[in-house]
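Position one of the sequence shown corresponds to residue 1 (my numbering), numbered consecutively onward.
Every residue gets a Cβ at the ideal spot worked out from N, C-alpha and C, and that includes glycine.
Before any comments, here is the structure.
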Amino acid sequence: HERSGELLASLGLGEHLDKRPDQLSGGQRQRVAVARSLANDPPLILADEPTGSLDSKSSEQVFAILENLVRERGKTVVAVTHDLEMAGRMDRRIQMVDGKIE
């Protein structure tokens, strides 16, 4: 419980620790998913459409969190996205078209 509280607080969700998922916004749920992925302190984080269903403000928050994981915590993040703006902000991009890497 202590570790989960620390993770949620670091993602701006400390006051929502006792809430159910249906009581959280889409952006808050996405940040909870990020917290869950960090629970065991993995060196690699796989993110499938991390901002896919979010509004622009929540997308920016999630992107900032992922960027912080790379820059401040030394994590590797592999994100799959259709969001060309988000992809353009990544350090490295691999584009796939019709199932083939270009």
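Neighbourhood of Asn68 by C-beta distance below 8 Å, restricted to the same chain and skipping five residues each side: Stepping through the sequence shown from its first residue, residue 68 is reached at position 68. Excluding positions up to five away in sequence, the list is empty.
Which residues DSSP lists as bridging Met125, in chain order: The question about residue 125 has no answer here: the residues shown for the chain are numbered 1 through 102.
What alpha helix (DSSP H) runs, 4 residues minimum, are completely inside the stretch 38 to 90? 56 to 71 and 84 to 88
With a threshold of 16 other CB atoms inside 10 Å of the CB of Val80, please say whether the residue is buried or exposed. Your numbering for residue 80 matches position 80 in the sequence shown. Val80 should be labelled exposed.
Rounded separation between Ala87 and Ser10 - CA only: By one-based count along the sequence shown, residue 87 stands at place 87. By one-based count along the sequence shown, residue 10 stands at place 10. Between Ala87 and Ser10, the C-alpha separation is close to 24 Å.
Leaving out five residues on either side along the sequence, give the residues of the same chain with a beta carbon under 7 Å from the beta carbon of Val77. As a working mapping, residue 77 is identified with position 77 in the sequence shown. Answer for Val77: Ile45, Ala47, Leu66, Leu69 and Val70, listed in chain order.
So, are the CB atoms of Thr51 and Val34 less than 9 Å apart? Against the sequence shown, residue 51 aligns to sequence position 51. Against the sequence shown, residue 34 aligns to sequence position 34. Result no, Cβ atoms of Thr51 and Val34 do not sit closer than 9 Å.
Could you tell me if the beta carbon of Leu11 falls within a distance shorter than 8 Å of some heavy atom in the ligand FAD? Among the ligands in the structure shown, none appear at all, so the ligand FAD cannot be discussed.
How would you label Arg92, buried or exposed, when you count the other beta carbons within 10 angstroms and need 16 or more for buried? Along the sequence shown, read from residue 1 onward, the residue named residue 92 stands at position 92. With fewer than 16 other Cβ atoms within 10 Å, it is exposed.
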